Amino acid sequence: QVQLVESGGGVVQPGRSLTLSCAASAFTFSNYGMLWLRQAPGKGLEWVALVSSDGTNNYYADSVKGRFTISRDNSKNTLYLQMNSLRADDTAVYYCAKAGVQRTPDYWGQGTLVTVSS
Amino acid sequence: DIVMTQTPLSLSVTPGQPASMSCKSSQSLLYSDGKTYLYWYLQRPGQPPQLLMYEVSKRFSGVPDRFSGSGSGTDFTLKISRVEAEDVGVYYCMQSIQLPLTFGGGTKVEIK
Numbered sequence: 063q064v065q066l067v068e069s070g071g072g073v074v075q076p077g078r079s080l081t082l083s084c085a086a087s088a089f090t091f092s093n094y095g096m097l098w099l100r101q102a103p104g105k106g107l108e109w110v111a112l113v114s115s116d117g118t119n120n121y122y123a124d125s126v127k128g129r130f131t132i133s134r135d136n137s138k139n140t141l142y143l144q145m146n147s148l149r150a151d152d153t154a155v156y157y158c159a160k161a162g163v164q165r166t167p168d169y170w171g172q173g174t175l176v177t178v179s180s
Numbered sequence: 140d141i142v143m144t145q146t147p148l149s150l151s152v153t154p155g156q157p158a159s160m161s162c163k164s165s166q167s168l169l170y171s172d173g174k175t176y177l178y179w180y181l182q183r184p185g186q187p188p189q190l191l192m193y194e195v196s197k198r199f200s201g202v203p204d205r206f207s208g209s210g211s212g213t214d215f216t217l218k219i220s221r222v223e224a225e226d227v228g229v230y231y232c233m234q235s236i237q238l239p240l241t242f243g244g245g246t247k248v249e250i251k
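Structure follows, in structure tokens:
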């Protein structure tokens with residue numbers, strides 16, 4: 063059974079940085095693209111970023127472009143999201159997901175909460 | 140960006156009765172490969188979303204056959220033939236024909 067476990071969330075002040083991690087298991091991590099998505103409290107789902115299976119191609123939502131960086135370490139089966147210049151509207155539960163056909167998130171982790179507040 | 144619009148906002152259903160919800164996209168989701176990249180997710184309370192349907196009408200692994208999807212182009216429907224208590228939650232449609240991936244606002248299903 064595909065397992066994705068996010069970590070690294072917490073409370074951070076506006077303008078500061080935070081890095082999220084996602085440990086993957088039970089599938090061949092290096093064969094699949096991976097995604098980060100988020101959900102603000104009481105709100106809907108928002109795609110954040112996508113990385114190709116080999117890490118060479120990255121794509122971002124306009125709302126995070128230039129501030130967030132998605133990366134992966136295939137030797138450690140781990141996905142990362144480096145978040146800089148955090149704003150209050152970045153407050154959300156952040157989910158990592160495995161990309162299936164056509165980069166669709168097919169398996170999701172349980173999520174990690176990021177709260178940006180002074 | 141492709142805008143996904145879901146209706147209704149909420150549904151209250153008696154167990155054993157059917158339920159239906161709609162999703163409309165601002166552009167056709169039919170790709171040049173002949174596939175239509177429309178997906179449905181269920182987010183149960185306190186849980187992450189789980190994939191229910193892919194490419195409009197294909198059930199994902201482990202999804203009961205009381206769920207069915209239909210539609211084409213820009214108009215899509217998810218139906219539950221007989222609602223059960225475990226079907227409670229928010230249903231989201233999503234398109235992946237182009238980036239950014241975009242989701243509808245969700246339809247909340249409650250049990251009467």
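Protein sequences appear in the order of chains A and B.
In case it helps, the working numbering puts the first sequence at residues 63 to 180.
In case it helps, the working numbering puts the second sequence at residues 140 to 251.
Idealized CB from N, CA, C, for every residue including glycine.
All values reported here derive from a predicted model rather than from experimental measurement.
Asked: Where does A:Phe91 sit, in a helix, a strand or coil, going by DSSP?; Found: helix
Asked: Along the beta strand (DSSP E) that carries B:Glu225, what are the first and last residues, could you check?; Found: B:Glu225 -> no beta strand (DSSP E), and no H or E assigned at all.
Asked: Measure the CB-CB distance between A:Gly117 and A:Arg129 and report whether it falls below 8 angstroms.; Found: no
Asked: In chain order, what residues of the same chain have a beta carbon less than 6 angstroms from the beta carbon of B:Gln189, not counting five sequence neighbours either side?; Found: Leu181
Asked: Examine chain B for any beta-carbon lying closer than 8 angstroms to the beta-carbon of A:Tyr121, and answer yes or no.; Found: yes
Asked: Does the Cβ-Cβ distance between B:Val195 and B:Thr213 come in under 8 angstroms?; Found: no
Asked: Leaving out the 5 sequence neighbours to the left and right, which residues in its chain are closer than 7 angstroms to B:Arg205 when beta-carbon positions are compared?; Found: Ile219, Ser220 and Arg221
Asked: Starting from the beta carbon of B:Ser235, find every residue of chain A whose beta carbon is closer than 7 angstroms, and list them in chain order.; Found: Gln164, Arg165 and Thr166
Asked: From which residue to which residue does the beta strand (DSSP E) around A:Ala150 run?; Found: Counting along the chain, A:Ala150 falls outside any beta strand (DSSP E), and DSSP gives it neither H nor E.
Asked: Pull up the distance between the alpha-carbon of A:Gly106 and that of B:Ser151, whole angstroms please.; Found: 20 angstroms
Asked: Inspect the beta-carbon positions of A:Tyr169 and B:Leu238 and report whether they are closer than 8 angstroms.; Found: no
Asked: So, is the C-beta of A:Tyr142 closer than 8 angstroms to a C-beta in chain B?; Found: no
Asked: Which residues does DSSP list as the beta-bridge partners of A:Tyr169?; Found: A:Lys160
Asked: So what does DSSP say about B:Thr241, is it helix, strand or coil?; Found: strand
Asked: Check the Cβ-Cβ distances between B:Phe242 and every residue of chain A, and say whether any is below 8 angstroms.; Found: yes
Asked: Quick check: what's the CA-CA separation for A:Gln172 versus A:Gln101?; Found: 12 angstroms
Asked: Check the C-beta distance from A:Val113 over to A:Gly95 and give it rounded, since I have them as a contact under 8 angstroms.; Found: 6 angstroms
Asked: Quick one: is A:Gly71 near chain B, going by C-beta distance under 8 angstroms?; Found: no
Asked: Kindly say whether B:Tyr230, judged by its beta-carbon, lies nearer than 8 angstroms to any beta-carbon of chain A.; Found: no
Asked: Give a yes or no on whether the C-beta atoms belonging to B:Gln145 and B:Gly210 are separated by under 8 angstroms.; Found: no
Asked: If we define contact as Cβ-Cβ less than 8 angstroms, is B:Gly245 a contact residue for chain A?; Found: yes
Asked: Would you decide whether B:Val229 is buried or exposed? Buried here means 16 or more other CB atoms lie within 10 Å of its CB.; Found: buried
Asked: With DSSP as the reference, label B:Asp214 as helix, strand or coil.; Found: strand
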